[in-house]
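Residue numbers (the UniProt record's numbering): 1 to 721.
Here the structure comes first, spelled out in structure tokens, and everything after it is commentary.
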Amino acid sequence: MSTIRAIYLRDLKAIFKYRFTIVTVLALVVLPSLYTLINVRALWNPYDTTEIKNIPVAVVNQDQGATLQGKQLAVGDQMISTLKKDKQLDWQFTSAKTARERLKSGKYYAEIIIPKNFSKHLASIASDNPKKAKIIYKSNARDSPMGGKITETAANTLVNQVQQTFLKQVNRQIFSVLNMVGNKAGSQQAEILALKDWIVTLGDSMNLATNVLGDVNSASTNMATVLTGLKPVISASQNIDVLQQSNSAMITSLNSVQGTVNKAFSSLNTNLKAADASGKQLNSLVSQLNKTTNSTTKGQVNSQLNRAIQQVDLLKNQITPLETFLKSLNQQAHLSAITSLTTTLSGTKQLLTTEKSQLNQLKRTVTAAGNTSAADRASALRTARQINENLTSALTQYNTNVQGHLSGISANLISATQKSQSILKQLKAAKGINEDYLDNAIQSNKLIASTSGNLETKLLAYQSDVKKMSDQLKLTDDNDIVSIITVLQNNPNMMGNTLVKLFNVKDESIYRVKTFGEAFLPSYVTISIWVGCTMLIMVLHTTIPREERRFRNATPHQEYLGKMLTFGTLSLVQTAIIIFSSVLLLHAHVENFFVMLVFGVLTSMAFTSIVYTSASLFGNLGKAFAVILVAMQLAGSGAMYPVQLNPWIFRVFQPLFPFTYAIGGFREAVGGPNPETVFIDIFVLSLMTGGMILLGYLLKNPMEKHTRRLLSDFRKTGIGQ
1 MSTIRAIYLR DLKAIFKYRF TIVTVLALVV LPSLYTLINV RALWNPYDTT
51 EIKNIPVAVV NQDQGATLQG KQLAVGDQMI STLKKDKQLD WQFTSAKTAR
101 ERLKSGKYYA EIIIPKNFSK HLASIASDNP KKAKIIYKSN ARDSPMGGKI
151 TETAANTLVN QVQQTFLKQV NRQIFSVLNM VGNKAGSQQA EILALKDWIV
201 TLGDSMNLAT NVLGDVNSAS TNMATVLTGL KPVISASQNI DVLQQSNSAM
251 ITSLNSVQGT VNKAFSSLNT NLKAADASGK QLNSLVSQLN KTTNSTTKGQ
301 VNSQLNRAIQ QVDLLKNQIT PLETFLKSLN QQAHLSAITS LTTTLSGTKQ
351 LLTTEKSQLN QLKRTVTAAG NTSAADRASA LRTARQINEN LTSALTQYNT
401 NVQGHLSGIS ANLISATQKS QSILKQLKAA KGINEDYLDN AIQSNKLIAS
451 TSGNLETKLL AYQSDVKKMS DQLKLTDDND IVSIITVLQN NPNMMGNTLV
501 KLFNVKDESI YRVKTFGEAF LPSYVTISIW VGCTMLIMVL HTTIPREERR
551 FRNATPHQEY LGKMLTFGTL SLVQTAIIIF SSVLLLHAHV ENFFVMLVFG
601 VLTSMAFTSI VYTSASLFGN LGKAFAVILV AMQLAGSGAM YPVQLNPWIF
651 RVFQPLFPFT YAIGGFREAV GGPNPETVFI DIFVLSLMTG GMILLGYLLK
701 NPMEKHTRRL LSDFRKTGIG Q
């Protein structure tokens, strides 16, 4: 312990022994603070008007104006007048040629062009063919990316101002007209309310009127059809005996057809059972696919997928003819049971299409990534199970509801023909009906049907409009109509301004961080502390002078810990200067200065242990590692941008970077501490400090010979020390 203390005290005395040594060390402890002071001050508030008012932006007005409702409209000139009063940027009003040349040369950061048809397109809002007006914005992103972003924001603000101004004018015109309408409506308020009640009553009666006319039309049409059908019956009544003989022959033929129909129905049952079996096979294949693990090869997964896709195609080919047959049959039979079965099969076909799409997606995933996700496999399995359930349900529907109806269809063919024989016998009674009487009755019913049909058509044409208006008026209270009239009588200027900007946004921050500089202060303080540690190992030796007699027998462990105290002390001085200069010179607001100091000490200790240990163990390689590590942490710790915007590799390592917790701790101090977050940051930084010191202590002896040899060989080259 005494040797460690002696090494530390020797270094402190050496610092103050020579004048130039004092200057060098003073520069080492002060320079890191300049990094924070200069950078934070430079971006303290970059969007403040006092900062950006000198950025030159060209404005080219080519607008030729237009006419709106008989009034001249020149929005381009209005924009120029507005910009001349605006001090947000250094607006330069110039020609297109000059603007283009100076934008390319970098004298202008951006160019805003108001096209010739700008006012014309804005005025088209009152025409049948409205067109969107546009403003052309060009920026010089080459010379200053931040300048381009600032001018782009200003351009968007300009567009919003133009929109608000134009909408105010349009709304004033609209409400001026509505104001006159409102005054007239106010004098006829009673008549308006009466008209509302009449429309509601009319809407309620429309359904009754159209239904009655529809019944009259249907009855008259059916009667004319029946009477027309009686005429050939009367003529044919003389040939009833011949018809009866033909009907008997038909019964004989239908007995033969009945056997064929029964075979078709039996085939339907067989095919449904086959489809059900195929559905179970598909479910089994997809279940096997869902049980694949990381050890399953790509070829095995592809083989399983191909078999499943083939099974889907087979099943679809089985279901399609069944669906077609049932639809054709139902056109004749019109049975709800057949309709339900057909619907089930149609839904199963859609599920098969979905299943095939999911399986093909799994194939593409296997080809690209070598394996499939559990979620995709589970989705395919759910679809396969639904297909299996549908086919089982279809077979059950057939056995329970459909099979009995199909058996009766063929029998009904024979029964219907037999009944027709008894009807033919009754037709002989129609011989005595007078055909002239039938003709008069037919014409009368056709006239009634035509008249009622025309009237029904005309009512139906207006029914939806009247009904819609009636339903809307039912929801409107009489007091609401009075309120509408009152609104129409409001001040046009007030209404125009209100509709342009319906609400204001109140900006509230949960932490007191008002400027960019204060927001970035934690990041730059952290970077400065790391830079300070790196400067120390670049300039100062991590080894003791062995030529001094008292240190000849010092062990590597004693050297490591003694020098650690020296570097740690200088780093603490650097950190103190960084923090106090930021608060006193930049006047940065720090919500909790004590927390700021605590994290300053912890960050200094953590960074010293990492940077010094790297240099002590690996020499120049360790110094290079310290430089590389700061670059990686800048990108991956969320110091400048949200870590979610970084590549995934940085998001993976972000919890391992000391910057993450140092910046987090300083942010807690600046904005206001959250006890839970503060505790986590303190714990991790302390753990990193202790871990690095322990690692350095354990590796110092094994690495000592290798490091000294590496340094010796490097010095012999004459290109380094």
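Glycine residues also receive a C-beta, built at the ideal position from the N, C-alpha and C atoms.
All values derive from a computational prediction rather than experimental measurement.
Tell me where the alpha helix (DSSP H) around THR608 begins and ends. Counting from 1 along the sequence shown, the entry for residue 608 is found at position 608. That run of the alpha helix (DSSP H) goes 593-618.
Quick check on GLU355: buried or exposed, where buried means 16 or more other Cβ atoms within 10 Å of its Cβ? As a working note, residue 355 is residue 355 in the sequence shown. It counts as buried.
Three or more C-beta pairs under 8 Å: does that hold for the stretch 619-636 against the stretch 571-585? no
Helix, strand or coil for TRP91, going by three-state DSSP, please let me know. Working through the sequence shown from its first residue, we reach residue 91 at position 91. Three-state result, TRP91: strand.
Excluding five sequence neighbours on each side, which residues of the same chain lie with their C-beta closer than 8 Å to the C-beta of PHE625? In the sequence shown, residue 625 corresponds to position 625, counting from 1. SER614 and PHE618.
Are there 16 or more other CB atoms within 10 angstroms of the CB of VAL57, so buried, or fewer, so exposed? Here residue 57 corresponds to residue number 57 of the sequence shown, with the count starting at 1. Its Cβ being crowded by 16 or more others within 10 Å, VAL57 is buried.
In whole angstroms, what separates the C-alpha of LEU699 from that of LEU711? Within the sequence shown, numbered from 1, the residue matching residue 699 stands at position 699. Within the sequence shown, numbered from 1, the residue matching residue 711 stands at position 711. For LEU699 and LEU711, the distance between alpha carbons rounds to 17 Å.
Using three-state DSSP, classify ILE663 as helix, strand or coil. As a working note, residue 663 is residue 663 in the sequence shown. Helix.
Cβ shell of GLN238 (< 7 Å), same chain only, five flanking positions each side left out: Numbered from its first residue, the sequence shown carries residue 238 at position 238. Annotation note: pLDDT 47 at GLN238 (below 50); position unreliable, no value reported.
Take the Cβ of PRO658 as the centre, count every other Cβ of all protein chains shown within 10 Å, and call the residue buried at 16 or more, exposed below. Sequence index remark: in the sequence shown, residue 658 carries index 658 (1-based). Buried.
Are the beta-carbon atoms of SER523 and MET640 separated by less than 8 Å? Mapped onto the sequence shown, residue 523 falls at position 523. Mapped onto the sequence shown, residue 640 falls at position 640. In this structure, MET640 lies closer than 8 Å to SER523 by Cβ.
So if DSSP puts VAL59 in a beta bridge, which residue, or which two residues, is it bridged to? Here residue 59 is taken as the residue at index 59 of the sequence shown, counted from 1. For VAL59, which the question treats as bridged, DSSP gives the partners PHE93 and ILE112.
For ARG307, I'd like the list of residues in its chain whose CB is within less than 7 Å of its CB, leaving aside the five on either flank, ordered along the chain. What you label residue 307 is simply residue 307 of the sequence shown in a count that begins at 1. So the list reads LEU285, once near-sequence residues are dropped.
Rounded C-alpha distance that separates LEU326 from THR348: Numbered from 1 along the sequence shown, position 326 holds the residue referred to as residue 326. Numbered from 1 along the sequence shown, position 348 holds the residue referred to as residue 348. Cα to Cα, the separation comes out at about 15 Å.
Nearest-angstrom Cβ-Cβ length linking GLY696 and TYR560, presumed shorter than 8 Å: As a working note, residue 696 is residue 696 in the sequence shown. As a working note, residue 560 is residue 560 in the sequence shown. Correct: roughly 6 Å between the Cβ atoms.
If you reduce the DSSP assignment to three classes, tell me which class SER139 lands in. Here the question's residue 139 lines up with position 139 in the sequence shown. Correct three-state label for SER139: strand.
Proximity to ILE628 [Cα-Cα], best of PRO642, ARG709 and ILE610: Residue numbering aside, residue 628 sits at position 628 when the sequence shown is read from its first letter. Closest by alpha carbon: ILE610.
Using a 10 Å radius around the Cβ and a threshold of 16 neighbouring Cβ atoms, would you call SER328 buried or exposed? For the purposes of this step, residue 328 is identified with residue 328 of the sequence shown, where counting begins at 1. The residue is exposed, with fewer than 16 neighbouring Cβ atoms inside 10 Å.
Measuring alpha carbon to alpha carbon, tell me which residue in PHE516, THR515 and ILE578 is nearest GLU528. Stepping through the sequence shown from its first residue, residue 528 is reached at position 528. Strictly speaking, residue 528 in this sequence is Ser, with Glu absent from that position. With distances taken between Cα atoms, SER528 lies closest to ILE578.
How would you write the range of the alpha helix (DSSP H) that THR67 sits in, first residue to last? In the sequence shown, residue 67 corresponds to position 67, counting from 1. Segment 66-68 is the beta strand (DSSP E) holding THR67; no alpha helix (DSSP H) there.
Buried or exposed: ALA378, going by 16 or more other Cβ atoms within 10 Å of its Cβ? Counted from its first residue, the sequence shown places residue 378 at position 378. Exposed.
So, using beta-carbon positions, are ALA96 and LYS138 closer together than 8 Å? Here residue 96 refers to the residue found at position 96 of the sequence shown. Here residue 138 refers to the residue found at position 138 of the sequence shown. Contact flag unset, no.
How many whole angstroms separate the CB atoms of GLY671 and ARG41, which I take to be in contact at a CB cut-off of 8 Å? Counted from its first residue, the sequence shown places residue 671 at position 671. Counted from its first residue, the sequence shown places residue 41 at position 41. Not quite, the Cβ-Cβ distance comes to about 20 Å (not below 8 Å), so this is no contact.
Beta-carbon spacing of LEU89, THR153 below 8 Å: Taking the sequence shown and counting its residues from 1, one reaches residue 89 at position 89. Taking the sequence shown and counting its residues from 1, one reaches residue 153 at position 153. Against a cut-off of 8 Å, the Cβ pair of THR153 and LEU89 comes out as no contact.
Do GLN311 and SER278 count as a contact pair if the criterion is CB distance below 8 Å? Walking along the sequence shown from the start, residue 278 turns up at place 278. Walking along the sequence shown from the start, residue 311 turns up at place 311. Yes, they are a contact pair.
Taking Cβ to Cβ, would you say LEU322 is nearer than 8 Å to LEU282? The residue you call residue 322 lines up with position 322 of the sequence shown. The residue you call residue 282 lines up with position 282 of the sequence shown. Not a contact, by the Cβ cut-off of 8 Å.
Flag this pair as yes or no: are the beta carbons of LEU341 and GLN397 separated by less than 8 Å? Looking up residue 341 in the sequence shown gives position 341. Looking up residue 397 in the sequence shown gives position 397. Against a cut-off of 8 Å, the Cβ pair of GLN397 and LEU341 comes out as a contact.
Boundaries of the alpha helix (DSSP H) in which LEU73 is found, first to last residue: As a working note, residue 73 is residue 73 in the sequence shown. Element bounds for LEU73: not the alpha helix (DSSP H) but the beta strand (DSSP E), 71-73.
CB contact flag (ASP77, LYS116, <8 Å): Residue numbering aside, residue 77 sits at position 77 when the sequence shown is read from its first letter. Residue numbering aside, residue 116 sits at position 116 when the sequence shown is read from its first letter. It is not a contact, given that the beta carbons lie outside the stated cut-off.
Pair every Cβ in the stretch 567-581 with every Cβ in the stretch 26-36, then say whether three or more of these pairs are closer than 8 Å. yes
What distance in whole Å lies between the Cβ atoms of LYS514 and THR542, which are believed to be in contact at a cut-off of 8 Å? In the sequence shown, counting from the first residue as 1, residue 542 sits at position 542. In the sequence shown, counting from the first residue as 1, residue 514 sits at position 514. Incorrect: roughly 43 Å between the Cβ atoms, too far for contact.
Jot down the residue ranges of each uninterrupted alpha helix (DSSP H) in the stretch 282-346, minimum 4 residues, whole runs only, in chain order. 298-333
Could you tell me whether the Cβ atoms of VAL678 and THR36 are closer together than 8 Å? Here residue 678 is taken as the residue at index 678 of the sequence shown, counted from 1. Here residue 36 is taken as the residue at index 36 of the sequence shown, counted from 1. Going by C-beta atoms, VAL678 is not nearer than 8 Å to THR36.
Out of curiosity, what's the CA-to-CA distance linking ASP128 and LYS134? For the purposes of this step, residue 128 is taken as the residue at position 128 of the sequence shown. For the purposes of this step, residue 134 is taken as the residue at position 134 of the sequence shown. When rounded, the distance between both Cα atoms is 19 Å.
Beta-carbon separation of residue 742 and ALA662 under 8 Å? Since the first and last residues shown for the chain are 1 and 721, residue 742 lies out of range.
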